Ligand SMILES: Nc1ncnc2c1ncn2[C@@H]1O[C@H](COP(=O)(O)OP(=O)(O)O)[C@@H](O)[C@H]1O
Ligand SMILES: [Mg+2]
């Protein structure tokens with residue numbers, strides 16, 4: 003479902019983000035991407051959400067060749083990929099409910115659909131009781147759960163999380179990980195970028211280690227190791 007063939011990303015003028023990366027991620031997998039700072043993890047995440055184009059190579063997601071995608075097709079691709087980043091980017095003047103519903107409104111969803119979907123995704127993340135709170139009235143872990151709820155409104159096939167627990171303590175980290183595992187169990191492919199050793203080792207899922215923009219290792223039941 004996700005295929006990268008010989009993907010290289012060179013940033014102007016001469017910085018290498020990725021170099022000759024080939025990998026395949028099947029539907030329904032839970033994959034952790036690890037590697038030291040500067041290894042190319044975020045570059046890979048940005049290529050997968052079509053925020054960056056590779057300099058060379060081919061990238062296919064859910065049948066789309068994103069190196070040939072037309073600009074007007076990008077919104078449709080993005081709806082198939084839920085994205086969670088470390089800095090939550092919730093709208094501070096909107097409530098939890100409004101932060102989530104806004105993602106549907108901007109996509110032109112009908113209000114009946116919005117009224118159906120928002121409570122559903124808030125229930126999945128366990129925040130239906132706090133729907134009327136503002137972000138500042140929530141803990142860091144709760145805010146991240148709102149971000150996850152928002153990423154689910156289009157029922158994405160892939161959930162892409164770049165350091166989603168980077169700002170959280172151990173307990174909140176565990177909550178978020180439990181939630182990602184639950185979402186994966188519904189059938190959503192999860193691609194998790196993380197530097198959290200405990201998180202990766204507890205998962206016992208596939209681990210891809212990047213080093214200097216290349217795939218240094220790729221194990222089906224991997225452990226977090228940075229030296230290969
Ligand atoms: N916008 C950019 N312009 C120039 N170089 C970049 C840019 N983004 C990332 N890089 C470089 O690409 C390499 C990989 O970065 P990144 O993908 O952010 O790594 P990671 O997320 O693993 O820390 C680094 O050497 C970084 O300096
Ligand atoms: Mg990064």
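In our numbering, the protein residues as written are 3 to 230.
Virtual Cβ for every residue (Gly too), placed ideally from N, Cα, C.
As the structure is a prediction and not an experimental result, all values here were calculated from the model.
Original post:
CB residue 147 to CB residue 128, shorter than 8 Å?
Top reply: Taking the chain shown and counting its residues from 1, the one referred to as residue 147 is at position 145. Taking the chain shown and counting its residues from 1, the one referred to as residue 128 is at position 126. Yes.
**OP:** Identify the continuous beta strand (DSSP E) that holds residue 18 and give its terminal residues.
**Re:** Position 16 of the chain shown holds residue 18. 17-27 is the span of the beta strand (DSSP E), which, as asked, contains residue 18.
**OP:** Determine the direct distance from the alpha carbon of residue 49 to that of residue 70, and round the result to whole angstroms.
**Re:** As a first step, residue 70 is located in the chain shown; it is residue number 68 there, counting from the start. As a first step, residue 49 is located in the chain shown; it is residue number 47 there, counting from the start. A straight line joining the alpha-carbon of residue 70 with that of residue 49 spans about 13 Å.
**OP:** Out of 130, 145 and 224, state which residue places its alpha-carbon closest to the alpha-carbon of residue 137.
**Re:** Here the question's residue 137 lines up with position 135 in the chain shown. Residue 145 holds the alpha-carbon nearest to the alpha-carbon of residue 137 among 130, 145 and 224.
Original post:
Does the stretch 89-101 come within contact of the stretch 170-187, defined as at least 3 CB pairs closer than 8 Å?
Top reply: The stretch 89-101 is not in contact with the stretch 170-187.
Original post:
If you drop the 5 nearest sequence neighbours on each side, which residues of the same chain put their C-beta closer than 7 Å to that of residue 143?
Top reply: Here residue 143 refers to the residue found at position 141 of the chain shown. Closer than 7 Å at the Cβ level, and outside the excluded window around residue 143, lie 170, 174, 177 and 178.
**OP:** Give the straight-line distance between the Cα atoms of residue 10 and residue 215, rounded to the nearest whole angstrom.
**Re:** Here residue 10 is taken as the residue at index 8 of the chain shown, counted from 1. Here residue 215 is taken as the residue at index 213 of the chain shown, counted from 1. Looking at the two C-alpha atoms, the distance is approximately 8 Å.
**OP:** Could you tell me if residue 103 is buried or exposed, where buried requires 16 or more neighbouring beta carbons within 10 angstroms of its beta carbon?
**Re:** Start at 1 with the first residue of the chain shown, and residue 103 comes out as number 101. Sixteen is the threshold: when 16 or more other Cβ atoms of the shown chains lie within 10 Å of the Cβ of residue 103, as they do, the residue is buried.
Subject >> For residue 14 and residue 117, the rounded distance between their alpha carbons >> reply: Counting from one through the chain shown, the residue named residue 117 turns up at place 115. Counting from one through the chain shown, the residue named residue 14 turns up at place 12. Straight-line Cα distance between these residues: approximately 45 Å.
Subject >> Extent of the continuous beta strand (DSSP E) run through residue 214 >> reply: Start at 1 with the first residue of the chain shown, and residue 214 comes out as number 212. Note, residue 214: premise wrong, no beta strand (DSSP E); not H, not E.
**OP:** Determine the contact status of residue 132 and residue 98, defining contact as a CB-CB distance below 8 Å.
**Re:** Here residue 132 is taken as the residue at index 130 of the chain shown, counted from 1. Here residue 98 is taken as the residue at index 96 of the chain shown, counted from 1. Yes. Within cutoff.
**OP:** Verify the contact flag: residue 17, CB atom, against every heavy atom of ligand 1, threshold strictly below 7 Å.
**Re:** Translated into the one-based positions of the chain shown, residue 17 becomes position 15. If you check the C-beta of residue 17 against ligand 1, you find a heavy atom less than 7 Å away.
Subject >> Pairwise C-alpha distance: residue 53 and residue 164 >> reply: Along the chain shown, read from residue 1 onward, the residue named residue 164 stands at position 162. Along the chain shown, read from residue 1 onward, the residue named residue 53 stands at position 51. Looking at the two C-alpha atoms, the distance is approximately 13 Å.
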